[in-house]
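K.L.:
One structure is given below, represented as structure tokens, and several questions about it will come after.
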Amino acid sequence: METRWEAVIGLEVHVQLRTRSKLFCACANACGGEPNTRTCPVCLGYPGTLPTLNDGAVKAALALGLALGARINSVSGFDRKQYFYPDLPKGYQITQARVPFAEGGWLEIPGDPSARGSDAPIRAGLVRAHLEEDAGKSFHEGPWTLVDLNRAGVPLVEVVGAPDLRSPLEASEWFKTLHQLVTYLGICDGNLEEGSLRCDANLSLRPAGAETFGTRVEIKNLNSFRFLRQALDFEIQRQSALLSAGGTVVQETRGWDEKAGETRPQRTKEAAMDYRFFPEPDLPPLVIDAEELEAARAALPELPAARAARYRAAAGLGADEAATLLQSRAFADFYDAVAEGSGHPKAAAHWMLGEVSRLLNQRGTDLDGLGLKAGDLALLVRRVAEGTVAHGSAKEALLPALLAGEGGVDDLIAAKGLAQVSDPGAVGRAVAEVLAAHPQQTAALKAGQTKLRGFLVGQVLKAGQGRLSPAAVNEALDALLAEGRDG
Amino acid sequence: MVNECFNGLREGLDAGDLSSEVLTRQSLEIMAQRDADLGALATRLEETSLACARKADRRLRQGERTPVLGLPFLLKDNLALAGASLGHGSRIGPIKPPFTATVVLRLMEAGAVPVAQTRMDEFAMGSSGEHCASGPTRNPWSPDRVPGGSSSGSAAGLAAGYAAFALGSDTGGSARLPAAFCGLSALRPTYGTLSRKGLSAMASSLDQIGLMARSARDLASILSVVAGSDSGDATSTCLPRQDRLRNLHVMDLKGLRVGLPREALGDGLAPEVRRLMETAVALLASEGAVPVEVSLPHSRFAVDTYFLLNTSEVSSNLARFDGVRFGTRVPAADLQDTLARTRDEGFGPEVKRRILLGAFCLSKGFYEAFHLKALQARTLVAQDFQHAFQQVDLILMPASPAPAFPLGSRLEDPRAMHLTDLHTVPQALAGLPALVLPAGLAKGLPVGLQFVGPAFSEVALLEAGHAFQRLTSHHRCAPPLPA
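Taken in sequence, the protein lines are chains A and B.
Going by my numbering, the first residue of the first sequence is number 463, and it counts up by one from there.
Going by my numbering, the first residue of the second sequence is number 5, and it counts up by one from there.
Here is the structure:
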């Protein structure tokens, strides 16, 4: 019988921290711009310069470590990782090799039913997370190599995942969840194309049910969720064909060629680098005392997983609705403000996911750009729920007027005459007029064709230009129908 | 005049009887006269120095006073001065830092006048001053002998009267040893007391800027200006009681417990050095100090420990001289060859030896056996001092087992050269302050003794040194003028 191979996958992701300055100097940490303009003697590696640790980067790293449920080491240290390359000005990278700032932790993702037989959530572990500086960029042009050191010294956190993933789908879910977390925390801009998150995947195969690991292949630089899945799919095919044919997998580093749609060897284990690590003498140990740790914990926002659970429990939302509200921290924060301000969390969610999202897409902007105040939307939701203004008027007239800055919610309702009419006399007259205008349908309804009720109510609401209270209309209709029966 | 202690110069400058410009011109003149023979200088800073001197004179006239205002000084060719080339005693090519070393900056802000950059063993590796791409420096006391290294030019130049004081660097004795060989006073402060920003790193965990002058009191004046933490060096820190450096007290030696390490004063010491150490101890005892024998049992491992750590850090710190940004590129077929040829042609033999040894010590499979063991041994060396300082207030030991040796005599024997640092590396490993003072002449050559104190005991060390120099005149001896 043919062997069934199980994939064992672990990811390593470099998260570029969105700090104001670089990790060890005061140069701006930003994207774009003329080459070599965001540099100083420190990140250019001038002899006589020394690194000074950026406290903001430590805070961002701590937030990530805590959000991942990792153990924060009270004392960690920096080391030098040494190799020669033109975009590495000092000849070494400052990283945390021996003791990282965080160890352990996990990310919860849905299991892949095809690999596990169930989509029950799994906790895929983390080995460690460490702080390090980025290198510059090399551009090869003909016989020349051009070096841009704007990126040299930009702070990174490398998150090393445990080999707990069992399929390309799980791998991409894990990467997506990490991506959501770091953007949600506001410590990374999440721009995959510009390399703000860079993913390497480690993959080995073993016969299903085996306990030991097979030979590991590392695939470098998988900078999109799709490439990650494609590269892993390809590599699983390649390795399983090799193994099933009695061959062996070579431990090596491979790269993903997106045009060819295949992985290609880059470096074998024999040629593996010896980085000659040793403790960085220019930096004192990184000490995180209890007070600092507590402050970091206190500063941590409610995390996406907890928030989704809250939305489902408190607002009665579905998993997809909760996830969509959590598309960004700003969006979720805005929703929370509307939910709380209106006192109607479910209705608030429907406005956010419906009309607000539609407007954002239509205008291609974010909440800041839309210019809607959470307080205004909250009041609008409340007025609709109270029956002060009809849903239709709120959507068609009130919301556009709010966006145009024409005034406050209550003022606009008054000024535009949007207040819903629920006075029994007025509503009764409107219903009577519609019934009179549609004698056949009225008769049919009376005869028991209840589906015509919707048609008639609709006609009344339309005639009332959306200002009549649907509840009042239904009441009036019941009353008139009952009158008719009695008579 | 420029070859006097500060107090005379200070009185003259502060009273207006003397000007910084006169002193600086004198300094430039002596250098012009003598340096062809002595070989202490890398680069004269003629324009810079005269501009600084005139500025100092203006400040003096306006009534401003600082301990170093108007005083000419020498700086080693590995200390950054914005706009000036740094050669590091190497052939690999100079760099031009766009910033000034913090210590140099503090001196210049206090009005001191940099007059020249001085020769050094290449990248501060060497104990004789002979490993310098522009040629060896001679000892002003005896031209066929070495001045000691690696701050060879600073020591020889200062001893020859080029300036009022000098800056060197001291990784394992590079300021103290040449000071001892040239009859000067020198201080290696506690690790962290002086910012390393602007000092081209050799071995970062050991490097400290070293101060050289003609007396402990002068050293205190300089230290009062340059000590203290710096945001540009995360390992720098404040010096306690720094305010006591400006008007240095003479320590009352009565009851001072002076530790005499058995290991440093036993076999292997040149008889004339031993005699001068005994004389110094007897003098201190006559003033009421109490000699106490102490032991530093792990100091016999200090030189080997030092070279394991030193070479490892050297291999790392010098990686940036690869011809990409730093070092003159020697173009070759590909990147690998370009890096290799640049480094092969640029570095001298001692630098290459240390880079190779260091890269080996750090390589996979050897790190634990060498670097890690050396880190452990370093702790033991430091603990020896801690134990000793439970019994004594300071330790007295020779700066070197013997006085200056003849030029060329140790060049072929790296081990013998490294052992020159026998008595200066233990303090460096322990990060402790050490003060070198002239202890007298042996056959016409200066011999230095060292006071070693607990971490951050600079004030006490200098007060003790000042007391010693009130009782002796060795520090007032200048080398004979050339015929």
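Note that beta-carbon positions come from the ideal geometry of N, C-alpha and C, so glycine has one too.
1. State the start and end residues of the unbroken beta strand (DSSP E) segment that holds B:Ser-216.
2. So who's on the other strand from A:His-602, going by DSSP bridges?
3. What residues from the segment 731-763 of chain A come within 7 Å of chain B, judged by C-beta to C-beta, listed N to C?
4. Is it the case that the segment 41-57 of chain B contacts the segment 215-228 of chain B, given that we only count it when at least three CB pairs across the two stretches are under 8 Å?
5. Give every residue of the same chain whose Cβ lies closer than 6 Å to the Cβ of A:Glu-632, excluding the five residues on either side of it in the sequence, and list them in chain order.
6. Taking the alpha helix (DSSP H) that B:Ser-131 falls in, what are its first and last residues?
7. In angstroms, rounded to a whole number, what distance separates the CA positions of A:Gly-928 and A:Lys-857?
8. If the criterion is Cβ atoms closer than 9 Å, does the pair A:His-592 and A:Thr-557 meet it?
9. For A:Ala-794, is the classification buried or exposed, using 16 other Cβ atoms within 10 angstroms of its Cβ as the cut-off for buried?
10. Would you report the Cα separation of A:Ser-658 and A:Leu-647, rounded to the nearest angstrom?
11. Answer with yes or no whether the minimum CB distance from B:Tyr-371 to chain A is below 9 Å.
12. Are the Cβ atoms of B:Leu-171 and B:Leu-27 separated by less than 9 Å?
13. Please classify B:Leu-441: does DSSP put it in a helix, a strand, or coil?
14. Residues of chain A with CB under 9 Å from B:Thr-489, in chain order?
15. Are B:Leu-436 and B:Gly-457 closer than 9 Å when you measure CB to CB?
16. Under 7 Å, CB to CB, which of the residues in the segment 120-153 of chain B have a partner in chain A?
17. How big is the Cα-Cα spacing for B:Tyr-195 and B:Gln-212?
18. So for B:Met-421, helix, strand or coil by DSSP?
19. Quick one: residues in its chain with C-beta nearer than 6 Å to the C-beta of B:Ser-208, no 5 flanking neighbours on either side, listed in chain order?
20. May I have a chain-ordered list of the beta strand (DSSP E) segments no shorter than 3 residues that lie completely inside the segment 53-82 of chain B?
21. Could you name the residues of the same chain whose beta carbon sits closer than 6 Å to that of A:Ile-698, not counting the 5 residues immediately before and after it, in chain order?
22. Taking 9 Å as the threshold (beta carbon to beta carbon), is B:Gly-232 in contact with chain A?
23. According to DSSP, which residues form a beta bridge with A:Ala-586?
24. Have a look at A:Leu-842 and A:Ala-876 and give me their C-alpha separation to the nearest angstrom.
25. Going along the segment 520-552 of chain A in order, which residues come within less than 7 Å of chain B, judged by CB to CB distance?
26. Shortest alpha-carbon distance to A:Leu-665 belongs to which of A:Val-622, A:Glu-895, A:Ile-571, A:Ile-471?
27. Secondary structure at B:Ile-399, three-state DSSP: helix, strand or coil?
28. I need the straight-line Cα distance from A:Val-712 to A:Thr-607, nearest angstrom please.
29. Looking at chain A, is there any beta carbon in it that lies within less than 9 Å of the beta carbon of B:Gly-202?
30. Pick from A:Ala-852, A:Ala-771, A:Leu-643: whose alpha carbon is nearest that of A:Lys-878?
31. Our contact map puts A:Leu-485 next to A:Asn-516 with C-beta atoms below 8 Å; I'd like the distance itself, whole angstroms only.
32. Chain B partners of A:Pro-503, CB-CB under 8 Å?
33. Does the Cβ of B:Leu-475 have 16 or more other Cβ atoms within 10 Å, making it buried, or fewer, making it exposed?
34. Work out the CA separation of A:Arg-500 and B:Gly-87 for me, nearest whole Å.
35. What are the boundary residues of the beta strand (DSSP E) that includes B:Phe-169?
36. Nearest-angstrom Cα distance between B:Ala-84 and B:Gln-394?
P.N.:
Let me spell this out:
1. Sequence index remark: in the second sequence, residue 216 of chain B carries index 212 (1-based). Looking at the sequence provided, one finds Met at residue 216 of chain B rather than Ser. Start and end: 212-217.
2. Here residue 602 of chain A refers to the residue found at position 140 when the first sequence is read from its first residue. Bridge partners of A:His-602: A:Thr-607.
3. Taken in chain order, the members of the segment 731-763 of chain A whose beta-carbon sits within less than 7 Å of a beta-carbon on chain B are Asp-736, Arg-738, Phe-740, Pro-743, Asp-744, Leu-745, Pro-746.
4. Using a Cβ-Cβ distance cut-off of 8 Å, the segment 215-228 of chain B and the segment 41-57 of chain B are not in contact, since fewer than three pairs of beta carbons, one from each stretch, lie closer than that value.
5. The residue you call residue 632 of chain A lines up with position 170 of the first sequence. Excluding sequence neighbours, A:Glu-632 sits near Asp-574.
6. Along the second sequence, one-based indexing puts residue 131 of chain B at 127. Counting along the chain, B:Ser-131 falls outside any alpha helix (DSSP H), and DSSP gives it neither H nor E.
7. Taking the first sequence and counting its residues from 1, one reaches residue 928 of chain A at position 466. Taking the first sequence and counting its residues from 1, one reaches residue 857 of chain A at position 395. A:Gly-928 and A:Lys-857 have their C-alpha atoms some 10 Å from each other.
8. Locating residue 592 of chain A in the first sequence gives position 130, counting from the first residue. Locating residue 557 of chain A in the first sequence gives position 95, counting from the first residue. Contact flag set, yes.
9. Taking the first sequence and counting its residues from 1, the one referred to as residue 794 of chain A is at position 332. Burial of A:Ala-794 is indicated by the presence of at least 16 other C-beta atoms within 10 angstroms of its C-beta.
10. As a first step, residue 658 of chain A is located in the first sequence; it is residue number 196 there, counting from the start. As a first step, residue 647 of chain A is located in the first sequence; it is residue number 185 there, counting from the start. So the two alpha carbons sit approximately 14 Å from each other.
11. Sequence index remark: in the second sequence, residue 371 of chain B carries index 367 (1-based). With 9 Å as the cut-off, B:Tyr-371 counts as an interface residue toward chain A.
12. Walking along the second sequence from the start, residue 171 of chain B turns up at place 167. Walking along the second sequence from the start, residue 27 of chain B turns up at place 23. No; because the gap between Cβ atoms is not below 9 Å, this pair is not in contact.
13. Looking up residue 441 of chain B in the second sequence gives position 437. In the three-state scheme derived from DSSP, where H, G and I count as helix and E and B as strand, B:Leu-441 is classed as strand.
14. The structure shown does not extend to residue 489 of chain B, since chain B is modelled only from 5 to 487, so the question has no answer here.
15. Stepping through the second sequence from its first residue, residue 436 of chain B is reached at position 432. Stepping through the second sequence from its first residue, residue 457 of chain B is reached at position 453. Yes, the Cβ-Cβ distance between B:Leu-436 and B:Gly-457 is below 9 Å.
16. Cβ proximity to chain A below 7 Å picks out nothing from the segment 120-153 of chain B.
17. On the second sequence, position 191 is the one that residue 195 of chain B refers to. On the second sequence, position 208 is the one that residue 212 of chain B refers to. Taking the straight line from one Cα to the other gives about 6 Å.
18. Your numbering for residue 421 of chain B matches position 417 in the second sequence. Looking at B:Met-421 - three-state DSSP - the assignment turns out to be helix.
19. For the purposes of this step, residue 208 of chain B is identified with residue 204 of the second sequence, where counting begins at 1. Here the set comprises Glu-317.
20. Here the runs fully enclosed are 76-80.
21. Indexing the first sequence from 1 puts residue 698 of chain A at position 236. Taken in chain order, the residues that qualify are Ala-469.
22. Counting from 1 along the second sequence, the entry for residue 232 of chain B is found at position 228. Chain A, which has no Cβ nearer than 9 Å to the Cβ of B:Gly-232, makes this no.
23. Along the first sequence, one-based indexing puts residue 586 of chain A at 124. Answer is A:Leu-569.
24. Numbered from 1 along the first sequence, position 380 holds the residue referred to as residue 842 of chain A. Numbered from 1 along the first sequence, position 414 holds the residue referred to as residue 876 of chain A. The straight-line gap separating the alpha-carbon atoms of A:Leu-842 and A:Ala-876 is approximately 13 Å.
25. Those would be Arg-542, Gln-544, Phe-546, Pro-548, Pro-551, Lys-552, in chain order.
26. For the purposes of this step, residue 665 of chain A is identified with residue 203 of the first sequence, where counting begins at 1. Comparing C-alpha distances from A:Leu-665 to each of A:Val-622, A:Glu-895, A:Ile-571, A:Ile-471 shows the shortest one belongs to A:Ile-471.
27. As a position in the second sequence, residue 399 of chain B is number 395, starting the count at 1. Residue state for B:Ile-399 is assigned as strand, using DSSP reduced to three classes.
28. For the purposes of this step, residue 712 of chain A is taken as residue 250 along the first sequence, with counting starting at 1. For the purposes of this step, residue 607 of chain A is taken as residue 145 along the first sequence, with counting starting at 1. The straight-line gap separating the alpha-carbon atoms of A:Val-712 and A:Thr-607 is approximately 31 Å.
29. Reading the second sequence from its first residue, position 198 is the one you call residue 202 of chain B. Yes, B:Gly-202 counts as interfacial toward chain A.
30. Reading the first sequence from its first residue, position 416 is the one you call residue 878 of chain A. Taking only the C-alpha atoms, the option nearest A:Lys-878 is A:Ala-852.
31. Position 23 of the first sequence, counting from 1, holds the residue named residue 485 of chain A. Position 54 of the first sequence, counting from 1, holds the residue named residue 516 of chain A. Confirmed, Cβ separation roughly 5 Å.
32. Along the first sequence, read from residue 1 onward, the residue named residue 503 of chain A stands at position 41. Neighbourhood of A:Pro-503 in chain B, by CB distance below 8 Å: Pro-101, Pro-102, Phe-103, in chain order.
33. Looking up residue 475 of chain B in the second sequence gives position 471. B:Leu-475 is exposed by the Cβ-count criterion.
34. Here residue 87 of chain B refers to the residue found at position 83 of the second sequence. Here residue 500 of chain A refers to the residue found at position 38 of the first sequence. One C-alpha to the other measures close to 21 Å.
35. In the second sequence, counting from the first residue as 1, residue 169 of chain B sits at position 165. For B:Phe-169, the uninterrupted beta strand (DSSP E) run begins and ends at 169-174, by DSSP.
36. Residue numbering aside, residue 84 of chain B sits at position 80 when the second sequence is read from its first letter. Residue numbering aside, residue 394 of chain B sits at position 390 when the second sequence is read from its first letter. Our two residues, B:Ala-84 and B:Gln-394, have alpha carbons roughly 39 Å apart in a direct line.
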